[in-house]
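Single-structure report; data block below.
Number of protein chains: 2
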Amino acid sequence: MATIYDVARHAGVSAATVSRVLNGHVKVDPALAERVTAAVAQLGYRRNAVARNLRTSQTSLWAVIVSDIENPFFTSMVRGIEDVASSAGFSVVLCNSDENPEKESNYIAAALTEQMAGVVISPSSNHVDDVNLLLESECPVVVIDRELQGVDADTVLVDNAHGADLATTHLIEQGNTRIACIAGPRWLSTATQRLDGYAHALTQAGLAVDDDLIRYADFRERGGYDAMSSLLDEGAAPQAVFAANNLMTIGAMECLVQRGLAVPSDVAIVGFDSIPWADLIRPTLTTVAQPTYEVGRRAAQLLARRSSTPDGPAERVVLPTSLQVRGSSTR
Amino acid sequence: MATIYDVARHAGVSAATVSRVLNGHVKVDPALAERVTAAVAQLGYRRNAVARNLRTSQTSLWAVIVSDIENPFFTSMVRGIEDVASSAGFSVVLCNSDENPEKESNYIAAALTEQMAGVVISPSSNHVDDVNLLLESECPVVVIDRELQGVDADTVLVDNAHGADLATTHLIEQGNTRIACIAGPRWLSTATQRLDGYAHALTQAGLAVDDDLIRYADFRERGGYDAMSSLLDEGAAPQAVFAANNLMTIGAMECLVQRGLAVPSDVAIVGFDSIPWADLIRPTLTTVAQPTYEVGRRAAQLLARRSSTPDGPAERVVLPTSLQVRGSSTR
DNA sequence: AGCGTGTGTGCAATCGATTTCTCATCAGGA
DNA sequence: TCCTGATGAGAAATCGATTGCACACACGCT
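As you go down the protein sequences, you meet chains A and B in turn.
Per UniProt numbering, the very first residue in the first sequence carries number 1; after that it's consecutive.
Per UniProt numbering, the very first residue in the second sequence carries number 1; after that it's consecutive.
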């Protein structure tokens, strides 16, 4: 592998000049520049980013740490980040923490030791120490999707409570009174906010919030399935279910299908997050849609701004959610 | 940010000793080691990976360059890679080339300049120059899912031709004679192999391979939709369709649904690749299943081996596919 | 006592780029 | 002709870690 010195020798100039030509910040005699670019082409030289990063103490990589790579919510969001990143001159690398705090911790450590230029993270726990580590080391950070108590970082969220309220109110308007909720992990802000929205809608309609109709699961398909089973087996069966994320909605549906219960006539269902190919699922699914791509885009914009102006107050962006009524909730 | 020299001063030893304690390759007086670890803890020191990478000229990052992050096939594969990577002491970063050769080229360049310890790539074109660039620079590479002509690299594939043959034969056995194929891009080995399997099955059964029944699309949902439209509008409508990947299968289904055609009674359909939540789609989809997780796992194993023993002949692993018969193909 | 051996530490070179500082060169004005 | 200022190129320091080499010290043997 050729180094900058090889190029310099080949072009009959100093390494400093090669560097200047490559970076283009300073003026160089066109004749020399020409010789340098020729030498670069001839030797197939590509600059060693590691050495450059060491000297300039910065990289052009953004790390995006997501909690579940298999959840379409995140993949769509990543597209939003990528589009902004590439136009800002950054490359995006994705890390999958798999809802596992230990893996998350490792990836944060890696982002720090690898001197990443920025980090977008959807925390898989409310364990704030790791994220604060990033903040302390002046690494630009944007927290996404999930709110962290006690962390003063730029954040992009969606209006979870409102979305859940819309979903629940819709189910009430359809004439349901026994409405269950399959909630997410208690320690995730998205989960608690959605649960709050559900409870708020019930209260608003003069209905009681019944703990027997609430199940806490893990935002995974399996968890949704088990929660639905539990709802059907224990206590009076609900007329309708609000599931607090996409994968759990799928799990709940699978449970209902497997038991031969008809949706929505036996049990109506509304999910949170959109689901790819929702049109092909029968019945089609009523869901609370989030602007996932936009979430990513805004997060990336915040990160880019934070990179150029590290100081300044943390911003908190909340994007709207909306109810997409389809077949699974209308009788 | 504390450096190794800060730690050394704090512990009253030389930087060399700190390094030796941190890496643990060489023996150090336990008393000194104790002082060093104490100093590390006290200063919150974390070693600068960039400097280390420069000196040792290697990193502990594997880049996985996939052609479509939104395709569940790849996300499942990534899990397989991650599991092996973490037990081999590597971290995985994901790059999304988005079926775009230019982006792919950029990510390969980034992998090279960032001195990645290894690369797993599912090429989005048959433009072999970039991949050869990796090989020449002795960066361990494993090509995955798609075969590249003229590239002598470790490769993990599935038996595409056999899978397509199974799918098509199954449709023939169900009594269909006019069987269409929605094929992928001509330049991708997966696409051509699947088309070959389709043609082979037809020939074997004494049926003609009719170009009017073949459409080339782009492995995307939209492409599948358009191809299906074209098949229905031009020429005699097919009795059955074999779609060469998961997203195009979805697109084709959506087209059929939208036109009010019943599956499988009007048109039977078999897809390639599994589809998440296939159980919830009505009718349930017959597909050719691939061992996606295993593909990732094997690729990662090859990469790990190549890292430790750079020389040696390139290996080519072909994993089996199998037909999962469900509702969309059986009358 | 003297020498050889082994153990462990520190010094300093090194990885490959960037960047400050210094200096040579040249143009233009007095 | 000489001086000044501008311009641009090269020499060398630097980023932070690793590691070959030399050396100091302790110990054991003759």
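Using N, Cα and C, we set each Cβ at its ideal position, and we do this for glycine too.
Just so it is clear, the structure is predicted and the values come from calculations on it, not from any experiment.
Pair within 7 Å by beta-carbon distance, residue i and residue j
{"i": "A:E82", "j": "A:V92", "result": "yes"}
{"i": "A:A161", "j": "A:G184", "result": "no"}
{"i": "B:I172", "j": "B:A227", "result": "no"}
{"i": "A:L326", "j": "A:L285", "result": "It is worth fixing the name first, because residue 326 of chain A is Arg in this sequence and not Leu. Their beta carbons are under 7 Å apart, which means A:R326 touches A:L285 by this criterion."}
{"i": "A:E114", "j": "B:A110", "result": "no"}
{"i": "residue 334 of chain B", "j": "B:T309", "result": "Outside the modelled stretch of chain B, which goes from 1 to 331, sits residue 334 of chain B, for which no answer is possible."}
{"i": "B:V295", "j": "B:V78", "result": "no"}
{"i": "B:L319", "j": "B:V158", "result": "yes"}
{"i": "A:S76", "j": "A:T292", "result": "yes"}
{"i": "B:A304", "j": "B:D154", "result": "no"}
{"i": "B:A244", "j": "B:A191", "result": "yes"}
{"i": "A:A217", "j": "A:T169", "result": "no"}
{"i": "B:L231", "j": "B:A180", "result": "yes"}
{"i": "B:S60", "j": "B:F90", "result": "yes"}
{"i": "A:L94", "j": "B:L112", "result": "no"}
{"i": "A:A117", "j": "A:Q58", "result": "yes"}
{"i": "B:L195", "j": "B:L323", "result": "no"}
Chain A residues whose Cβ lies nearer than 8 Å to that of residue i
{"i": "B:S76", "result": "E70"}
{"i": "B:Q115", "result": "N48, A49 and V50"}
{"i": "B:Y107", "result": "S91"}
Burial state of residue i (16 or more Cβ within 10 Å)
{"i": "B:Q204", "result": "exposed"}
{"i": "A:R297", "result": "buried"}
{"i": "B:S189", "result": "buried"}
{"i": "B:W62", "result": "buried"}
{"i": "A:Y225", "result": "buried"}
{"i": "A:T17", "result": "buried"}
{"i": "A:S87", "result": "exposed"}
{"i": "B:S328", "result": "buried"}
{"i": "B:Q149", "result": "exposed"}
{"i": "B:R306", "result": "buried"}
{"i": "A:E138", "result": "exposed"}
{"i": "A:A38", "result": "exposed"}
{"i": "B:E147", "result": "buried"}
{"i": "A:D152", "result": "exposed"}
{"i": "A:G24", "result": "exposed"}
{"i": "A:V13", "result": "buried"}
{"i": "A:A199", "result": "buried"}
{"i": "A:A41", "result": "exposed"}
{"i": "A:A208", "result": "exposed"}
Neighbouring residues, chain A, relative to residue i (Cβ below 7 Å)
{"i": "B:A110", "result": "S91"}
{"i": "B:I81", "result": "The contacting residues do not exist; B:I81 stays about 10 Å from chain A at best."}
{"i": "B:I250", "result": "W277 and L280"}
Contacts of residue i in chain B (Cβ-Cβ under 8 Å)
{"i": "A:D279", "result": "E254 and V257"}
{"i": "A:C95", "result": "S91, V92, V93 and L94"}
{"i": "A:S137", "result": "M1"}
Chain B residues whose Cβ lies nearer than 7 Å to that of residue i
{"i": "A:L323", "result": "Per Cβ cutoff of 7 Å: no residues; A:L323 is ~21 Å from chain B at best."}
{"i": "A:R282", "result": "R282"}
{"i": "A:N53", "result": "V50"}
Interface residues of chain B facing residue i [CB-CB closer than 9 Å]
{"i": "A:Y5", "result": "Under the 9 Å cutoff, chain B gives no residues; its nearest Cβ is about 15 Å from A:Y5."}
Supposed contact pair residue j and residue i - C-beta distance, whole angstroms, cut 8 Å
{"i": "A:A240", "j": "A:I269", "result": "7 Å"}
{"i": "A:L213", "j": "A:R178", "result": "7 Å"}
{"i": "A:L43", "j": "A:A2", "result": "4 Å"}
{"i": "B:L134", "j": "B:I108", "result": "6 Å"}
{"i": "B:R186", "j": "B:S265", "result": "Incorrect: roughly 32 Å between the Cβ atoms, too far for contact."}
Subject >> Three-pair Cβ contact test at 8 Å for the stretch 57-70 of chain B versus the stretch 103-122 of chain B >> reply: yes
**OP:** Count the C-beta pairs between the stretch 277-284 of chain B and the stretch 242-261 of chain A that are closer than 8 Å, then say yes if the count reaches three, no if not.
**Re:** When C-beta atoms of the stretch 277-284 of chain B are compared with those of the stretch 242-261 of chain A, three or more pairs fall below 8 Å, so the two segments count as touching.
Original post:
Any chance the stretch 26-39 of chain A sits against the stretch 26-40 of chain B, with 3 or more Cβ pairs inside 8 Å?
Top reply: no
**OP:** Count the CB pairs spanning the stretch 47-63 of chain A and the stretch 256-276 of chain A that are closer than 8 Å, and state whether there are at least three.
**Re:** no
Original post:
So, do the stretch 297-307 of chain B and the stretch 135-148 of chain B have three or more beta carbon pairs nearer to each other than 8 Å?
Top reply: Yes: the two stretches touch, three or more of their Cβ pairs being nearer than 8 Å.
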